[in-house]
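S.K.: Just dropping this structure here.
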Amino acid sequence: MTTPPRRRLGTLLFPDFELLDVFGPLEIFGHLSDHFDVVLVADRTGPVRSVQGARVLADHGFADCPPLDVLLVPGGPGTRRAVNDERLLDWLRARSAAAELVMTVCTGSALLARSGVLDGRRATSNKRAFDWAVSQGPRVEWVRRARWVDDGDVVTSSGVSAGIDMTLHVVARELGTELAERLARRIEHAWHRDPDDDPFAGP
Numbered sequence: 001m002t003t004p005p006r007r008r009l010g011t012l013l014f015p016d017f018e019l020l021d022v023f024g025p026l027e028i029f030g031h032l033s034d035h036f037d038v039v040l041v042a043d044r045t046g047p048v049r050s051v052q053g054a055r056v057l058a059d060h061g062f063a064d065c066p067p068l069d070v071l072l073v074p075g076g077p078g079t080r081r082a083v084n085d086e087r088l089l090d091w092l093r094a095r096s097a098a099a100e101l102v103m104t105v106c107t108g109s110a111l112l113a114r115s116g117v118l119d120g121r122r123a124t125s126n127k128r129a130f131d132w133a134v135s136q137g138p139r140v141e142w143v144r145r146a147r148w149v150d151d152g153d154v155v156t157s158s159g160v161s162a163g164i165d166m167t168l169h170v171v172a173r174e175l176g177t178e179l180a181e182r183l184a185r186r187i188e189h190a191w192h193r194d195p196d197d198d199p200f201a202g203p
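Following the numbering used here, the numbering of the sequence shown begins with 1 at its first residue and continues without gaps.
Below, the structure written as C-alpha cells:
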C-alpha cells in the first residue's frame, strides 16, 4: 500500500480569530507530521491577536505564502470585519480554487460564503451566528442542523469544538477510520461521528 504524499496545510489567521477553531484541528493534524506540513498564514507575517487575547505568529503573509494543498479557515468575532476585507477575500478565492481540500470551522464558512467559494454548495456554521452567516451567502445551501457538512472538496463545521469532530472525519476519510480513532483516543476526545447529531441546533 503506497503512502499518500505529504501535503501542506495552511491555516488562515486574522485579528480576533477563535483560538480553538485553529488549535482544535491543528492538535490533530500536528500528530500527522508524516502526512501534513502545517503553516500559519495572515495578511502579513508576525503576531496575530486572537479574540481570547493570545497572539499567534503567522509564518507567511498573503504575498509570500507557498502553494497550499489544504486550507483551514477559522471563525471568531473577527469574521464580522473580515467579510469586508477584499484583499483577504481575493486570497481566499484564489487559494480555495487551487487547494485539494478546504475546511472551515464556525463562522469561517461566512468568509467562504462572502467570497463566493460556497455558491451552490452545502455548508453549515456556528448556530449562534447562523443567520448572519446565511446573510453572507444567499446562494449557499445552508444546513442548520449539522455538526459538520462534507461537500467533497469543501468541508464546513459548526461552532468551535465541532471543528475537532470535523477534522477527525476528514482524517478518517483521507487516511482511514482506524487512524482517526487512534487520534481521538490520544487526545482523549469523545468523537461525535454523526454529522447530523447537532445538539446546538435547537432553540
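Note that beta-carbon positions come from the ideal geometry of N, C-alpha and C, so glycine has one too.
#1: Note down the Cα distance separating D198 from L19, rounded to an integer number of angstroms.
#2: From L168 to A146, what does the alpha carbon distance come to, in whole angstroms?
#3: Straight-line CA distance for D165 to H192?
#4: Between which two residues does the alpha helix (DSSP H) holding R8 run?
#5: Which same chain residues, not among the five before or five after G120, have their C-beta less than 8 Å away from its C-beta?
#6: Run through the DSSP bridge pairs and tell me what T104 is partnered with.
#7: For R173, which residues from the same chain have a beta carbon less than 8 Å from its beta carbon, with the 5 sequence-adjacent residues on both sides left out?
#8: Hey, could you find the ends of the beta strand (DSSP E) V48 is sitting in?
#9: Does DSSP put H189 in a helix, in a strand, or in coil?
#10: So V70 and L101 are in contact, right, with Cβ under 8 Å, and what is the actual spacing, rounded?
M.R.: On the basis of the coordinates in this document:
#1: One-based indexing of the sequence shown puts residue 198 at position 198. One-based indexing of the sequence shown puts residue 19 at position 19. Their backbone Cα atoms lie some 21 Å apart in a straight line.
#2: Numbered from 1 along the sequence shown, position 168 holds the residue referred to as residue 168. Numbered from 1 along the sequence shown, position 146 holds the residue referred to as residue 146. In a straight line, the C-alpha of L168 is about 15 Å away from that of A146.
#3: Within the sequence shown, the letter at position 165 stands for residue 165. Within the sequence shown, the letter at position 192 stands for residue 192. Roughly 6 Å between the two C-alpha positions.
#4: The count along the sequence shown starts at 1 and reaches residue 8 at position 8. Counting along the chain, R8 falls outside any alpha helix (DSSP H), though it belongs to the beta strand (DSSP E) covering 7-12.
#5: On the sequence shown, position 120 is the one that residue 120 refers to. If we look at G120 and ignore the five residues flanking it on each side, its Cβ neighbours are R139, V140, E141.
#6: Walking along the sequence shown from the start, residue 104 turns up at place 104. For T104, which the question treats as bridged, DSSP gives the partners V73, T156.
#7: Numbered from 1 along the sequence shown, position 173 holds the residue referred to as residue 173. Taking R173 as the centre and dropping the five residues before and after it, the same chain places the C-beta of D150 closer than 8 Å to its C-beta, in chain order.
#8: As a working note, residue 48 is residue 48 in the sequence shown. Unbroken beta strand (DSSP E) run through V48: 46-49.
#9: Residue mapping note: residue 189 aligns to position 189 of the sequence shown, counting from 1. Here H189 carries a coil assignment [DSSP, helix/strand/coil].
#10: What you label residue 70 is simply residue 70 of the sequence shown in a count that begins at 1. What you label residue 101 is simply residue 101 of the sequence shown in a count that begins at 1. At roughly 5 Å, the Cβ-Cβ gap stays under 8 Å, so V70 and L101 are in contact.
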